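Here's the structure we're looking at; comments come further down.
Numbering (the working numbering), first residue to last: 84 to 740.
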């Protein structure tokens, strides 16, 4: 046993030493080989990293400078700037959403959704409306009404369909006895789906609540999934306004179409000739592929009853008219691996996501000794009800300070107490000191929100300590925004704001900022020949200005008949009018452009050779080069301040042999 223990211990010790190896120092700061490699490999994410000595040294030069700048940002306390802290906190909250979840629970939800997709269920329901905003008293009334319907069906054998017609508040299904048709997974609210798939065929679920209100569902039938199907259709509309006559006309037209099909006329040609569906009649009648619950049940059944590719149905009646359907292709349910990404996206955007989140948070609470004190919450709720005025100018308003005397604990988490007055401070922030709605209900909702925020903040902070991936991403983002601020202070912003430094830099390098041969003047663009003639007529008048020609040519009907650009142009870059056609103080001949417009030039000054650009003319170039100058100077200062010492032995272990 001793012989086995020593090598294992030695191996673990060596692994720890390896992970902690210092690759280089800059000043008094150490950088581990592990950190260097993680960043190097991350920057070559889509290809195999080049582990040659040359490539590693080049990156080491860049990375060491990056670490110096981050250290300088820390030394100047850039991380204490409030705007940077806000940005970091916002990023932390966004990033943590991907980590504050339970992968095992999520995977079970994805698999559950897929397994349910294998089966379609025919359901009917009764709905009694009770939205979340309904006060508790009225919600109870709605629940009791639903419970009485449930008992009438299950104990007194009342007919589900008849009760649906009498009492259901779902206008879309009540006239059909609550019949929804066949549905499958990911088509309804999760709580509704759960009721459907946990109820046996022929049975009725217990009352349950969704954001719409209280439901009971009856499962009428079930079948294996049909998958999806692609069909083409010819639709003959039968407007309800025409009544029975309209339907008979549509039926006769359908018979005519069937006759032409038997005589060999192509389905696609008949679509163009007869179909009233403006969405598909230009697509040979092709509809987007669909599965259960996406189209009228009679249309769906007729489509899936077709078996051979190209097979054509008999006329089918729906609320839209009469359809003739042609089978293009059937698509069975794909394997789980093929659908997992799509299922994951859907699950993360429906109520299942909250289910997973609730399970995760309950685990966090249990692991960290969460304990609540309901009596203290009820005491606070009662105080809210009695102390906040109902009428007057201060109706429904409160101040958190009014509750400072309420120090009893509402809950504890990781041995930290969160009191009644803490909740009211949170409530004032959320509600801006105003209670709207039933006080008891609002107060308890705020309590739930407060607990969730406390647990979220607690777990976010633990992520930095417990999750290396999260910690690395946060540190990278922190380093990035600090470096951006530091660069702005020392390079980008400085180059723009230091007008004296910029002027001096320009004067020292002004020979670089030259105009090539060209001209200074106006370039006139006329939209039409008439505009050109009118414009030239005005320009040739004595003392005519550019403003005069604009007034003469442009009007309300053609406000852009002429546009004028004034500036310094270089012959090598200006191609609209030939150089030899441009003369000092004169108008050039009009040049007709490919699209029918005309260009005319008036040069006020011509330069046959290079001439000096002013600082304003060259400002963009000067600022960019001044920034480069400042950055190089700053980099030199940092390298002098933080000298790099490389451990050659550690460095050599990274080089590919």
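A virtual CB, placed ideally from N, CA and C, is assigned to each residue, including glycine.
Treat the numbers as computed from the prediction; the structure is a model and nothing was measured.
Identify whether residue i lies in helix, strand or coil by the three-state DSSP scheme.
i: residue 374; result: coil
i: residue 303; result: strand
i: residue 356; result: helix
i: residue 623; result: coil
i: residue 208; result: strand
i: residue 167; result: helix
i: residue 348; result: coil
i: residue 517; result: strand
i: residue 270; result: coil
i: residue 289; result: coil
i: residue 195; result: helix
i: residue 667; result: strand
i: residue 728; result: strand
i: residue 592; result: helix
i: residue 393; result: coil
i: residue 576; result: helix
i: residue 238; result: coil
i: residue 480; result: strand
i: residue 634; result: helix
i: residue 657; result: coil
i: residue 712; result: helix
i: residue 535; result: helix
Given residue i, which residues of its chain have a CB within under 7 Å of its CB, disregarding the five upstream and five downstream residues?
i: residue 629; result: 605, 647
i: residue 270; result: 376
i: residue 87; result: With a pLDDT of only 35 at residue 87, under the threshold of 50, the placement of this residue in the model should not be trusted; the figure read from the coordinates follows. Same-chain partners within the cutoff: there are none.
i: residue 257; result: 247, 248, 251
i: residue 262; result: 207, 256
i: residue 521; result: 218, 219
Nearest-angstrom Cα distance between residue i and residue j?
i: residue 339; j: residue 236; result: 49 Å
i: residue 243; j: residue 208; result: 9 Å
i: residue 323; j: residue 223; result: 41 Å
i: residue 670; j: residue 678; result: 22 Å
i: residue 266; j: residue 311; result: 13 Å
i: residue 449; j: residue 515; result: 32 Å
i: residue 123; j: residue 132; result: 8 Å
i: residue 344; j: residue 365; result: 19 Å
i: residue 119; j: residue 186; result: 30 Å
i: residue 389; j: residue 429; result: 30 Å
i: residue 171; j: residue 529; result: 26 Å
i: residue 533; j: residue 453; result: 14 Å
i: residue 199; j: residue 438; result: 17 Å
i: residue 499; j: residue 490; result: 13 Å
i: residue 703; j: residue 585; result: 11 Å
With distances taken between CB atoms, is the gap from residue i to residue j smaller than 7 Å?
i: residue 407; j: residue 415; result: no
i: residue 109; j: residue 725; result: yes
i: residue 179; j: residue 543; result: yes
i: residue 698; j: residue 589; result: yes
i: residue 709; j: residue 510; result: no
i: residue 631; j: residue 621; result: yes
i: residue 686; j: residue 667; result: yes
i: residue 556; j: residue 152; result: no
i: residue 196; j: residue 211; result: no
i: residue 114; j: residue 150; result: yes
i: residue 411; j: residue 368; result: no
i: residue 659; j: residue 603; result: no
i: residue 447; j: residue 300; result: no
Which residue or residues does DSSP assign as beta-bridge partners of residue i?
i: residue 597; result: 695
i: residue 200; result: Answer is none; residue 200 lacks a bridge partner.
i: residue 602; result: 652, 689
i: residue 675; result: 681
i: residue 645; result: 609
i: residue 499; result: 496
i: residue 113; result: 108
i: residue 315; result: 369, 409
i: residue 320; result: 404
i: residue 262; result: 207
i: residue 399; result: 406
i: residue 46; result: No statement about residue 46 is possible, as the shown extent of the chain runs from 84 to 740 and does not include it.
i: residue 298; result: 210, 291
i: residue 455; result: 494
i: residue 414; result: 311
Excluding the 5 residues flanking residue i on each side, which residues of the same chain have their C-beta closer than 6 Å to its C-beta?
i: residue 320; result: 359, 404
i: residue 526; result: 464, 467
For residue i, which residues of its own chain have a beta-carbon under 8 Å away from its beta-carbon, when the five flanking residues on both sides are left out?
i: residue 692; result: 600
i: residue 513; result: 529, 532
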